[in-house]
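All residue numbers for the sequence shown refer to our numbering, where the first residue is 118 and numbers rise by one. Read the structure below first, then the notes.
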Amino acid sequence: DRALHRAQLRAQAFEGLEGAADLTALQAREHWNQRVLVAAKQLRSRDRRRRWRLIGGNALHGLCAAAGLVAMLWVALRGFERGVIDAALAAGLVFLTVALLELWAAIGLAWQSWLSGRVAAVRLEQIVDQPAGVAEPLDPVPLPGEPATLSVEHVAFRWPGQERALLEGLQLQLRPGDRIAIQGDSGCGKTTLSSLLLRLWDPDAGYVRYGGIDIRQFAQADWHRQVAWLPQNAPVFAGSVADNLRLGDPQATDARLWQVLADVRLQGWAEQIGGLSAWVGENGATLSAGQARRLALARALLRGSPILLLDEPTEGLDVDTAHALLHDMVAALGNRSLVMITHDVLPEGIVHRSCRLREGRLG
């Protein structure tokens, strides 16, 4: 319970720092600060009660130890005075009592540590025991040597705990070099489809095949190398330009990094800010929205995967920036396949065909 409240307080404080600009714009900083202060006071009150319990327990232990030592000293002296025991035995009884009291104090501390460890172990076991969304095949099949067709065949899927199927009877075919846009209203299942294509989840029914082979027969690491993913809110990490790009290919040379920056029209920008070693700031603080999206796209292109999966790549960009990004992306794709999930209207020539996701099916 204490660990849960501490985690909640940390999360609230972190969210407040991350969203400080939005909270200021909405004049909600004071309200958020009050929420954090209330949570901090509640945690402090619990910690104070816990400390008082510990102090009380230690005081009681010390009192009992002192009383026990005095009692044993009295018994030893009385026994010596009456001649029941000699001086050596009397002294030994006193020292034995002191040793037992020290041992008891250590047992108390060990008991507290054991209880804390047991609670932590229970929390870890709850995480470890959660069923995996997907399972590795016992005998993985090698991927086709050449780019192949990706097909979605009569796929149905519902999220755990949901009664209604979000996708049902869905079919899609992506040949090598195809560029397809999947459009639809918010909540219709577009991002869910991307999770199935990435094999972050397995369908409840139907198949996702690559080269005629169910992707569940491939090792997950092998399959993830086949698909380069650009999520809707692709992160820019605190680090240099090169650090962010090499997440796509850790072995990429500087020349390759400059090439992919040129492909997304970021070469001039990178030269102006100091080259590949230039610091981009936490969450890309020094970048505009368009530059951050282009940098994330460059990272995805750097993987060299035959399939590129984009989830709302132009979300939050103005029309001119969005169209420029899309045209640059298509020019950099080469013969790679593209699945673009979007609700925006695309300019001519970006994709070969558009499909609309409605009621769990593509039309």
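The beta carbon of each residue, even a glycine, is placed where N, CA and C say it ideally should be.
Q | For S422, the nearest candidate out of R453, L414, Q408 and A395 (CA to CA) | A | R453
Q | Distance between D380 and A448 (C-alpha atoms, nearest Å) | A | 8 angstroms
Q) Ordered along the chain, which non-local residues of its own chain (more than five positions away) have a Cβ less than 7 angstroms from that of E432? A) Q349
Q) If A475 and C305 are in contact, beta carbons under 8 angstroms, what's the gap, nearest whole angstrom? A) It should be noted that the sequence gives Arg, not Ala, for residue 475. Yes, R475 and C305 are in contact; Cβ-Cβ is about 7 angstroms, under 8 angstroms.
Q | Of the listed residues Q279, V269 and G294, nearest to S312 (C-alpha basis) | A | V269
Q) Which residue or residues does DSSP assign as beta-bridge partners of A345? A) L425
Q | Nearest-angstrom Cα separation, counted from L434 out to D366 | A | 27 angstroms
**Q.** Beta carbon of R333 nearer than 8 angstroms to that of P254
**A.** yes
Q. Just reading off the beta strand (DSSP E) that V325 is part of, what are its end residues?
A. A322 to Y327
Q) Can the beta-carbon of L186 be found less than 8 angstroms from the beta-carbon of L226? A) no
Q) Are the CB atoms of I458 and T309 nearer to each other than 8 angstroms? A) no
Q) Three or more beta-carbon pairs under 8 angstroms between the stretch 312-322 and the stretch 273-285, yes or no? A) yes
(Q) Measuring straight from C-alpha to C-alpha, what distance separates E147 and A137? (A) 11 angstroms
Q) Roughly how many angstroms lie between the CA atoms of V397 and D139, to the nearest whole one? A) 21 angstroms
(Q) Can you check which of these residues, L283, G262 and P261, is closest to L479 by C-alpha distance? (A) L283
Q. Looking only at C-alpha atoms, which of T403, L418, G407 and R382 sits nearest to L364?
A. L418
Q: Figure out for me which residue from L121, V258, A441 and A372 has the closest Cα to the Cα of L463.
A: A441
Q) With 16 other CB atoms within 10 Å as the buried threshold, where does R127 fall? A) exposed
Q. To which residues of the same chain is P261 closer than 6 angstroms at the C-beta, ignoring the five residues directly before and after it?
A. G328
**Q.** Residue closest to T266, alpha-carbon to alpha-carbon, out of I467, A238 and V325
**A.** V325
Q: On a CA-only basis, which of D437, A406, G477 and A402 is nearest E135? Give me that one, please.
A: A402
Q: Return helix, strand or coil for I458, following the three-state DSSP convention.
A: strand
Q | 8 angstroms CB neighbourhood of V468 in its chain, flanking five on each side removed | A | R296, I297, A298, L455 and M457
Q: Starting from R475, trace the beta strand (DSSP E) both ways and give me its first and last residue.
A: R470 to R475
(Q) Going by DSSP, what residue range makes up the alpha helix (DSSP H) through S312? (A) K307 to L314
Q) For S115, which residues of its own chain have a beta-carbon under 8 angstroms away from its beta-carbon, when the five flanking residues on both sides are left out? A) Absent from the model: residue 115. The displayed extent of the chain is 118 to 480, so no value can be given.
Q: Would you kindly work out how many angstroms separate the C-alpha atoms of W221 and A176, rounded to a whole number?
A: 14 angstroms
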